[in-house]
Structure formats: structure tokens, C-alpha cells
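The block underneath contains the structure these notes are about, expressed in C-alpha cells.
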Amino acid sequence: MRDSLPGICSTVVTRKSRGGTMTLNSRIAELQRKHMSLSQAVEIAQKSPASDQFHVAELKKKKLLLKEEISRLSGVSGG
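Taking the working numbering, the leading residue of the sequence shown gets 8, the next gets one more, and so forth.
Written out as C-alpha cells, the structure is:
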């Protein structure tokens, strides 16, 4: 059935955003931006001699959760 409706998954509304509705693709893009930001934060924290390893571990966990959500949503969108 999904093949008979090309592009339909990319216009599925996933939630309300501040400015209105958010499509699945824009939600994935938002999560990817957050993931990249966390990657940079982890890299900076690991290079810092005074870094708190517990904080680094928390950042990595958040990053992993985002990656899992991106993968889950990408599977829904067929990507």
C-alpha cells in the first residue's frame, strides 16, 4: 500500500511545532541538527582536561537516543 502512495510519508504530520505543524522530514532534520550539536559537545568535553566523565557519558547517551529516534523515523519515511 505504501508503494501506491508515493511521497505520502514525507507529509505526515508528527506533532505541532512552535510555528505550526511539523512534517516527518523536518522532524528528522531537527533531530539530526541536535545530534550534530551533541557530537560537537562530546568532542569538546573529551578534549577538555577538566571534563566530567559523567557529563560526557550523559551527552553520549542523549546522542544515542537521538540516533535511535532518527533511525526509527527514517524507517517510517522509507529512507
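Cβ atoms here follow ideal geometry from the backbone N, Cα and C, with glycine treated the same way.
Practice item. Whole angstroms is fine: what's the gap from residue 36's alpha carbon to residue 71's? Key: 16 angstroms
Exercise for review: Please go through the same chain and pick out, in chain order, the residues whose beta-carbon is closer than 8 angstroms to the beta-carbon of residue 76, but skip the five residues on each side of it.
Suggested key: 38
Exercise for review: Since I believe residue 66 is in contact with residue 52 (beta carbons under 8 angstroms), could you give me their beta-carbon distance rounded to a whole number of angstroms?
Suggested key: 7 angstroms
Point to revise | Own chain, CB closer than 7 angstroms to residue 62, minus 5 neighbours either side, in chain order | key: 52
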